[in-house]
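Numbering (my numbering), first residue to last: 20 to 199.
Before any comments, here is the structure.
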Amino acid sequence: MTSRAIPPASSSPALALIIIVSGPGGVGKGTIVDALLQRDQTLLLSRSWTTRSQRPGEKDEAYVFTTREKFESHLAEGGFLEWTEFLGNYYGSPAPDLTTGRDIVLEIEVDGAQQVKVSHPESVLIFVLPPSREEQRRRLVGRGDPDHKIQERLRKAEEEEPVGLALADHYLVNDELERT
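Written out as structure tokens, the structure reads:
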């Protein structure tokens with residue numbers, strides 16, 4: 020796995036807050052972010068880029084789906100706040116304009132969250148956990164991921180959870196959306 024953080028452009032007090040929602044695959048990050056954006060429409064969602072294929076039934080706006088060549092070109096131009104390679108695909112958050120005054124929400128995996136916390140220590144990291152590994156598995160199966168990818172994501176979750184909890188400003192168990 021290869022990854023790199025882009026340093027912040029400025030430390031001006033007028034900069035927007037970066038809110039990171041992170042956790043292993045299948046914990047419900049997307050569901051939580053969707054609810055957060057509905058409750059506070061002043062928040063700006065940073066749409067991640069990926070080179071992976073779009074899943075059946077996945078909305079076009081879930082990611083900016085792109086080729087490896089375009090991703091690597093954008094990366095070479097310094098266009099990402101954070102990026103990583105996971106299961107053979109690139110994922111990255113575009114470098115945001117922090118001078119807009121609008122707080123920015125990033126829905127990213129643990130590697131990316133770690134990069135952003137290093138480059139932007141003032142960011143707020145909310146780490147999401149599943150209620151159980153079995154529920155996490157059920158959610159991954161429901162997304163249509165193939166079994167070998169599900170196994171890899173569950174294995175990766177075991178590694179990511181201690182790291183994410185150590186970095187987190189806040190953590191929550193996503194067992195009931197309204198309560199979460």
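Backbone N, C-alpha and C fix where the C-beta goes; we use that ideal spot for every residue, glycine too.
Alpha helix (DSSP H) segment containing residue i, residue limits
i: Gly49; result: 48–58
i: Leu184; result: 166–186
Residue i - containing beta strand (DSSP E), residue span
i: Pro113; result: 108–113
Residues bridged to residue i (per DSSP)
i: Leu148; result: Val192
i: Ile39; result: Leu125, Leu144
i: Leu63; result: Ile123
Spatial neighbours of residue i in its chain, beta-carbon cut-off 6 Å, leaving aside the 5 residues before and after
i: Leu117; result: Leu34, Ala35
i: Asn193; result: Val46, Gly47, Val147, Thr199
i: Ala176; result: Pro43
Sequence-distant residues of its chain with Cβ nearer than 7 Å to residue i (five each side left out)
i: Phe84; result: Thr69, Gln73
i: Glu179; result: Pro43, Val129
i: Arg87; result: Thr70, Tyr109
i: Leu55; result: Leu62, Val124
Sequence-distant residues of the same chain with beta carbon closer than 8 Å to residue i, five excluded per side
i: Phe99; result: Ile25, Trp68, His93, Gly111, Ser112, Pro113, Ala114
i: Gln133; result: Val182, Leu186
i: Tyr190; result: Ile145, Phe146, Val147, Leu148, Gly183, Leu184
i: Asp79; result: Gln73
i: Val52; result: Val40, Leu64, Val124, Glu126
Open item on the list: Could you tell me which whole alpha helix (DSSP H) segments of length 4 or greater appear in the region 65–146?
Closed with: 87–95, 129–138
- [ ] For the region 38–55 and the region 143–157, state whether three or more C-beta atom pairs, one from each stretch, are separated by less than 8 Å.
- [x] yes
TODO: For the region 57–68 and the region 150–161, state whether three or more C-beta atom pairs, one from each stretch, are separated by less than 8 Å.
DONE: no
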